[in-house]
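These notes concern the structure reproduced below.
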Amino acid sequence: WLLYAPVLLMQALWLDRLYIVGHEATHGKLFPRNRRLNDGVGMLMLLPLAIPLQVFRKIHQFHHGFNRRDVHTSALDVFVSDTPVSKRRRILYKAAWFVGVFGSGYFWYSFASIVIFLFIPTEYAARISPAFKNWTSRDRVVSWLQFLLGVSFHLTVYFVGGFNFWLISLAFPILVFSWIYSLLVYIFHYDTSIGAEVRFNARSLERHWLFSWILMNFNEHATHHAYPNIPWYQLPERREPLPEKYQSNQKVRTVWQAIVQQLKGPKIVYDSENTPRPNGR
1 WLLYAPVLLM
11 QALWLDRLYI
21 VGHEATHGKL
31 FPRNRRLNDG
41 VGMLMLLPLA
51 IPLQVFRKIH
61 QFHHGFNRRD
71 VHTSALDVFV
81 SDTPVSKRRR
91 ILYKAAWFVG
101 VFGSGYFWYS
111 FASIVIFLFI
121 PTEYAARISP
131 AFKNWTSRDR
141 VVSWLQFLLG
151 VSFHLTVYFV
161 GGFNFWLISL
171 AFPILVFSWI
181 YSLLVYIFHY
191 DTSIGAEVRF
201 NARSLERHWL
211 FSWILMNFNE
221 HATHHAYPNI
231 PWYQLPERRE
241 PLPEKYQSNQ
251 KVRTVWQAIV
261 QQLKGPKIVY
271 DSENTPRPNG
281 R
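1 is the number of the first residue of the sequence shown in our numbering; add one for each residue after it.
Right under this line is the structure:
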């Protein structure tokens with residue numbers, strides 16, 4: 001196990017890179033002139049995670065369009081209560097945050113949400129998450145086909161290589177990836193501005209030779225939100241600083257600092273007229 005541990009970590013980090021390639025595909029940046037090729041390669045990268053590119057794109061478009069518009073919308077680190085916040089409720093919210101970020105919870109929550117949205121009718125899906133407004137029958141069919149491709153990939157590995165091979169090559173790496181994903185998913189938005197200029201409610205982090213390579217320059221996140229069409233390999237040279245008004249978002253400089261600051265926990269808001277709405281990402 002000691003020898004396998006570093007290999008397992010590398011497998012999980014590689015899955016993270018595949019996920020980010022899938023992210024590039026949601027923006028149509030892998031092959032901008034060929035949508036079918038772009039989506040085909042993107043889905044191929046997401047097969048080990050069984051994430052349908054069509055759903056990924058829908059949720060991610062919502063994230064870019066409504067990122068931290070208000071405390072109710074696409075603000076993962078804000079918990080809105082419709083009753084005065086008791087000590088018990090505060091503890092529950094903080095526990096949910098820490099399990100989500102530091103206990104792999106946010107990946108499994110996201111994955112479960114994807115599967116649920118495959119099953120429920122569109123009218124109900126849109127009520128649960130506005131990300132699925134205008135979700136068409138074609139979107140649903142394509143998403144199902146992509147999800148089944150991912151499941152088939154896992155079954156093929158299982159039946160060809162056996163249970164132990166499936167565990168070592170996919171199951172264990174996905175478990176570690178789910179922890180990495182949850183740890184990093186909100187470091188570029190945690191405790192940043194909330195308001196209508198959604199493209200600036202983000203931060204960039206310092207370039208680090210290893211992290212920047214692993215994250216495919218995702219540390220240039222403010223630039224990505226300002227100009228989502230810039231491909232990952234051009235982000236460093238086209239870095240765009242946040243406007244002066246939003247410089248306070250740059251509270252931390254490094255990936256490590258961004259991870260650690262999440263230990264402060266979530267922001268808890270009381271809104272007596274709150275109608276619970278999901279945090280689209």
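Don't be surprised by glycine CBs; every beta carbon is placed ideally from N, CA and C. Since the model is a prediction, treat every value here as computed from it, not as a measurement.
According to DSSP, simplified to helix, strand and coil, what is residue i?
| i | result |
| --- | --- |
| residue 271 | coil |
| residue 115 | helix |
| residue 81 | strand |
| residue 191 | coil |
| residue 26 | helix |
| residue 254 | coil |
Quick one: give me the first and last residue of the alpha helix (DSSP H) that residue i is part of.
| i | result |
| --- | --- |
| residue 143 | 137-161 |
| residue 203 | Taken as a continuous stretch (DSSP letters only), residue 203 belongs to no alpha helix (DSSP H), as it is neither H nor E. |
| residue 61 | 53-66 |
| residue 40 | 35-46 |
| residue 265 | That residue, residue 265, is in no alpha helix (DSSP H); it is neither H nor E in DSSP. |
With a 10 Å radius around its C-beta and 16 neighbouring C-beta atoms as the bar for buried, classify residue i as buried or exposed.
| i | result |
| --- | --- |
| residue 195 | exposed |
| residue 220 | buried |
| residue 191 | buried |
| residue 136 | exposed |
| residue 159 | exposed |
| residue 46 | buried |
| residue 22 | buried |
| residue 6 | exposed |
| residue 10 | exposed |
| residue 124 | exposed |
| residue 152 | exposed |
Can you list, in chain order, the residues of its chain whose CB lies under 7 Å from that of residue i, leaving out five sequence neighbours each side?
| i | result |
| --- | --- |
| residue 279 | Residue confidence is low: residue 279 scores 48 on pLDDT, short of 50, so the model does not pin down where it sits. No coordinate-derived value is stated. |
| residue 80 | 71, 72, 269, 271, 274 |
| residue 84 | 270 |
| residue 55 | 114, 117, 143 |
If you drop the 5 nearest sequence neighbours on each side, which residues of the same chain put their C-beta closer than 8 Å to that of residue i?
| i | result |
| --- | --- |
| residue 106 | 76, 100, 181, 182, 185, 186 |
Among the residues of its own chain, which have a CB less than 6 Å from the CB of residue i, if the five just before and after it don't count?
| i | result |
| --- | --- |
| residue 27 | 228 |
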